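The listed protein sequences derive, respectively, from chains A and B. If you count by this note's numbering, then the first sequence holds residues 1 to 559, one letter each, in order. If you count by this note's numbering, then the second sequence holds residues 560 to 1118, one letter each, in order. Structure first, then comments.
There are 2 protein chains.
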Amino acid sequence: MARGEAPADRYVRGGLLLNVYTGEIYPAHVAIKGERIAYVGLREDMVGPRTRILEATGRTLVPGYIEPHAHPWNLATPAVLARHVLPLGTTTIVGDNLSVYCLAGPRGFEKAVGVLSRLPLKFYWMVRVHAQTRAPDEPRRFPLPALRRLLDNPWVAAIGEVTRWTDLWAGDRALLERLALAPQRGRRIEGHTAGAKPERLAVLAAAGLTSDHEPTTAQEALDRARQGIALMLRQSSLRPDLRALLEPFVKSGSLGRLMLTTDGSTPAFIAEHGFVDGLVRLAMEEGVPPVEAYRMVTLNPATYYGRDADLGGIAPGRYADVLLLRDLAEPRPETVIARGRVVARRGALLARIPEPRWQEIFTRRACRFDRRWRASAEEFRLPAGPLPVIRLVSTVITALEERPLQEGDLHAALLDRRGAWIATTALAGFAAELDGMAATLSTDYQVLALGRRPDSMARAVNRLLELRGGVVLVDGEQVRFELPLPVGGLMSTRPLSELAAAERRLKALLAARGYGFHDPVFTLYFMVADFLPAVRLSPRGVWDVKAGRILRPSRMRRR
Amino acid sequence: MARGEAPADRYVRGGLLLNVYTGEIYPAHVAIKGERIAYVGLREDMVGPRTRILEATGRTLVPGYIEPHAHPWNLATPAVLARHVLPLGTTTIVGDNLSVYCLAGPRGFEKAVGVLSRLPLKFYWMVRVHAQTRAPDEPRRFPLPALRRLLDNPWVAAIGEVTRWTDLWAGDRALLERLALAPQRGRRIEGHTAGAKPERLAVLAAAGLTSDHEPTTAQEALDRARQGIALMLRQSSLRPDLRALLEPFVKSGSLGRLMLTTDGSTPAFIAEHGFVDGLVRLAMEEGVPPVEAYRMVTLNPATYYGRDADLGGIAPGRYADVLLLRDLAEPRPETVIARGRVVARRGALLARIPEPRWQEIFTRRACRFDRRWRASAEEFRLPAGPLPVIRLVSTVITALEERPLQEGDLHAALLDRRGAWIATTALAGFAAELDGMAATLSTDYQVLALGRRPDSMARAVNRLLELRGGVVLVDGEQVRFELPLPVGGLMSTRPLSELAAAERRLKALLAARGYGFHDPVFTLYFMVADFLPAVRLSPRGVWDVKAGRILRPSRMRRR
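What follows is the structure, given as structure tokens:
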């Protein structure tokens, strides 16, 4: 076809090409065969009678955007996310496998990878080598043979993210052994070095981390770049830091390796600010030259992941992921071509993005809620006397207070999905006037119950069990809010805009009850995340992160 | 060690670090454990009583240079080349396997890879999928299983170079099938698109070529970059084009992906101009900012080959390949550290670079000269009447003249190493006053004989057989020059400076006899190279490249 001896399937005619390789902008047609670009230039001899022509006169063509580090299970399924962000120009996502892997196991995850690799939006994956929360069965859940097999999968681009940088610092052999699987296979290792001081970074770089998306200040970003760690500068619902992060790089002009990420942004944030398109806009507002801003979301991540022969530019051989922009200053595309097909126009999705058959993926016992058990108010009551109180000091950071329950504290409990055990303590600083709430929004996939009224908490948990996962908020005896998340207890198949509306409602309800931070979804997710300071709920009980010990053990329940 | 809890093996103290990742220059110590860098920064707590300290005060530290595309069998063995260029700062070479593979076969080549991967200078490889000269036994010589196995070798970085771009244009299935082995394994495909017109490049990019080093003009370079093909800008003995090639990129400032190469430079050229160090100097002279010039020979090739976690920067985890420069303006280093050891100082090699046991690698019958046969003057004589005369029009380009032998023509013959066959014709434009010459400098490893006097030619061939390969020049009956190349008939284990002197003597002798071009070594190499226009000698006879046919068949010899 590129020889002009066979017709193109599709021919994008008359546009201005942003060539990310040379930094030039010039007129060029793009001819597509199947899923790939076969020709870019001024010849027209591959236009046949059945070639579908897309007029691009007056439009600028840029490569489809790449999100190099997303968590595509944040209230929405990957397919829901794809349906929303494909019209915004994102045609590739490198996603975290945590939730699907943990709930469905390696085979279930592989099944999901297979289905999702055929969507118009391409999902590549980073695969975890450990959970968010330590548990004794972890080696069984992350066996080496399964990791090896996953890393050989062509849709797996990296190990990551590796949240336990303190274990790397300590030289944990099992972890280092797992990381070594990546470079042997030409894969990357996504770091998570939140809070690591500059002098500790050399150890983390030596351990093999190839990227980091956790810097929250320009200095942290520079410290990591200096150690040879590639940067994914972040603008997310949890950490909207991009403007500050870009500053030193804009000043020095050293923009060549930078990438941008939305990380784990929630539906409400994406609905408001867009996805990768929003990052490009923000970068240009901060003074990044347009060509560099577009490279940061196309060629740079493609190169970082060693996929630049497939992705990241409009050139022969690459996937035909092409955006038609009205203007380089407006990264939200008018038309989106992905894998050779026109998949969106003026913000409207035209392609079918089928939902994987989740019931065939989440087949493990651990995924299923045992609906036979019920919570009672009694089990949430806390004893008199000193407790290891979890004090929320920011959206996700906690401090430990050892004291009796006091006015304004909530009862907090983590319950096994199958009702086998419960861990309880007091929580301060969340939302003092919350009667009861239950959620399966937890990165270790248990049931979290919070509230000042144990009866309201029990009501919330029991409604949650009926919904088979999600979020339930109760005032007194009355269910005031519910968001069913039937896919693994984490995700919904409803449109992202609906999920965003639900998220906003939840946030408003919590704010009205005293929640003073900005992202309650992540507060819930990370209540069990033992890689964050200082005290967490865990299946074994209340966990002191720094001391590495249980402060108040969990107990078995009668089901 | 990076934690400061174990002593460094070596500590480079007090230098200024050129950080290729951020583009900064700032003071930093470098601590080394074994072959790798473990720490870069200002801490000194890993200096123990047995740590060897290298004072670098007043020196700038830059990463070891990477040559991304070399032919390390050009008169010198890879080890000879390494001994010469390591003191000049080159610590990594991606080399062409053509000669060793063709002569020793896949297993012999693998043996060489194993030995050469342990030298202080690291040899990575591109592996050929076809020969320089078409022959019926080619599929047998490049079997798919052997190629698969080679591409899985961690020291193999690419397929290449692929000289038959016209086959790619034609859609040759066997070739495309071979190329497809590379991306599946995260390997690159090195192109060779000499003379391909811009409108043909899309086909070559779509076929999978990921780089090209053949542009000889700025326009050709830009044409290839626009198609997403990475550029290796060349300054070689055959094509010293770098200044012109750099110009448009310096103007546009789009330098981020550029690499530089010496390609197949001969010993005399390297002895005079240096190796990668010479490329850096030249780039800076042409206005490339120093940081970018150093990136072109460090981070950029490391990134291109997906080896940036191992190579191309001074950062933890990377090979400890560090150069101490007196000044960034002078890329020839004062001290060279490679794989953690000081291997050169002030141009003097300090490390032992052992020669592979070539007799255990070149074990194939094809490698051995059958010393029992002798050439006679009679067999070089040409018949009266029209001949397909090879007219040399530049160092390596020829034209066809169909006419009888005339004054100033030489007799030219290609003979089988084992004396089985001979192909003869006339050669014009080489060196009219050359009596006789014989050489095994041929990229299909046969014996080339040239001369105006058949008896001198026979004398040269017979002396060459005694030497078991090399170059012999004869005046009348007298051997005037000989350069033994006992390793495969192509390479010597003598120092590069001696080989350079021999090359200069040969060139002077040929110039005195009428040779008017600039690189006789390549004229000899490429006399059989049927990917170049227009007529070549080949085992089957005189070959018309464009028509793809034999103009004058070879004949069997009596041995």
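Where a beta carbon is used, it is the ideal one built from N, C-alpha and C, also for glycine. Since the structure is predicted, the reported quantities are computational estimates derived from the model, not experimental observations.
CB of residue i within 8 Å of CB of residue j, strictly
i	j	result
L260 (chain A)	L242 (chain A)	yes
L941 (chain B)	L964 (chain B)	yes
A202 (chain A)	Y598 (chain B)	yes
V472 (chain A)	L464 (chain A)	yes
L969 (chain B)	F989 (chain B)	yes
T692 (chain B)	V1087 (chain B)	yes
P495 (chain A)	V85 (chain A)	no
A552 (chain B)	R746 (chain B)	Look at the range of chain B in this structure, 560 to 1118, and you will see that residue 552 (chain B) is not part of it.
R569 (chain B)	R611 (chain B)	yes
G899 (chain B)	R595 (chain B)	yes
A28 (chain A)	P316 (chain A)	no
A615 (chain B)	G582 (chain B)	no
R923 (chain B)	G664 (chain B)	yes
Expected contact under 8 Å - CB spacing of residue i and residue j to nearest Å
i	j	result
L870 (chain B)	T651 (chain B)	6 Å
G419 (chain A)	T440 (chain A)	In fact, because the Cβ distance is near 13 Å, the residues do not count as touching under 8 Å.
I159 (chain A)	E190 (chain A)	7 Å
A131 (chain A)	C102 (chain A)	6 Å
V571 (chain B)	L634 (chain B)	No, V571 (chain B) and L634 (chain B) are not in contact; Cβ-Cβ is about 35 Å, not under 8 Å.
A830 (chain B)	A934 (chain B)	That belief does not hold up - the Cβ atoms of A830 (chain B) and A934 (chain B) are roughly 33 Å apart, past 8 Å.
V955 (chain B)	L804 (chain B)	Not a contact, Cβ separation roughly 19 Å.
R257 (chain A)	V20 (chain A)	That belief does not hold up - the Cβ atoms of R257 (chain A) and V20 (chain A) are roughly 14 Å apart, past 8 Å.
T1002 (chain B)	L657 (chain B)	7 Å
Contact with chain A by residue i, beta-carbon distance below 8 Å
i	result
P742 (chain B)	yes
R700 (chain B)	no
E1120 (chain B)	Nothing can be reported for residue 1120 (chain B), as the shown portion of chain B is limited to 560 through 1118.
G767 (chain B)	yes
V1101 (chain B)	no
R562 (chain B)	yes
V599 (chain B)	yes
S824 (chain B)	no
CB contact check: residue i to chain B, cutoff 8 Å
i	result
R226 (chain A)	yes
W169 (chain A)	yes
Y294 (chain A)	no
G89 (chain A)	no
P7 (chain A)	no
N19 (chain A)	yes
T303 (chain A)	yes
R256 (chain A)	According to the sequence displayed, residue 256 (chain A) carries Gly and not Arg. It does: the Cβ of G256 (chain A) has a partner Cβ on chain B nearer than 8 Å.
Backbone secondary structure at residue i - three-state DSSP
i	result
M46 (chain A)	coil
D152 (chain A)	helix
G191 (chain A)	strand
A789 (chain B)	strand
E330 (chain A)	coil
M996 (chain B)	strand
R1064 (chain B)	helix
R950 (chain B)	strand
E1057 (chain B)	helix
M1 (chain A)	coil
V955 (chain B)	coil
D1103 (chain B)	strand
D726 (chain B)	helix
N19 (chain A)	strand
W373 (chain A)	coil
>> Does the segment 1093–1109 of chain B come into contact with the segment 977–986 of chain B, if we say contact requires no fewer than three beta-carbon pairs (one atom in each stretch) closer than 8 Å?
In response: yes
> Would you call the segment 775–791 of chain B and the segment 1064–1078 of chain B in contact, with 3 or more CB pairs under 8 Å?
Replying inline: Here the segment 775–791 of chain B does not lie against the segment 1064–1078 of chain B, with fewer than 3 beta-carbon pairs under 8 Å apart.
>> Would the segment 668–679 of chain B count as touching the segment 1069–1083 of chain B if we require 3 or more Cβ pairs under 8 Å?
In response: no
> Would you call the segment 856–870 of chain B and the segment 620–628 of chain B touching, i.e. three or more CB-CB distances under 8 Å?
Replying inline: yes
> Between the segment 538–553 of chain A and the segment 285–294 of chain A, are three or more C-beta pairs nearer than 8 Å?
Replying inline: no
> Can we say the segment 822–839 of chain B touches the segment 1105–1114 of chain B, given the rule of at least three CB pairs closer than 8 Å?
Replying inline: no
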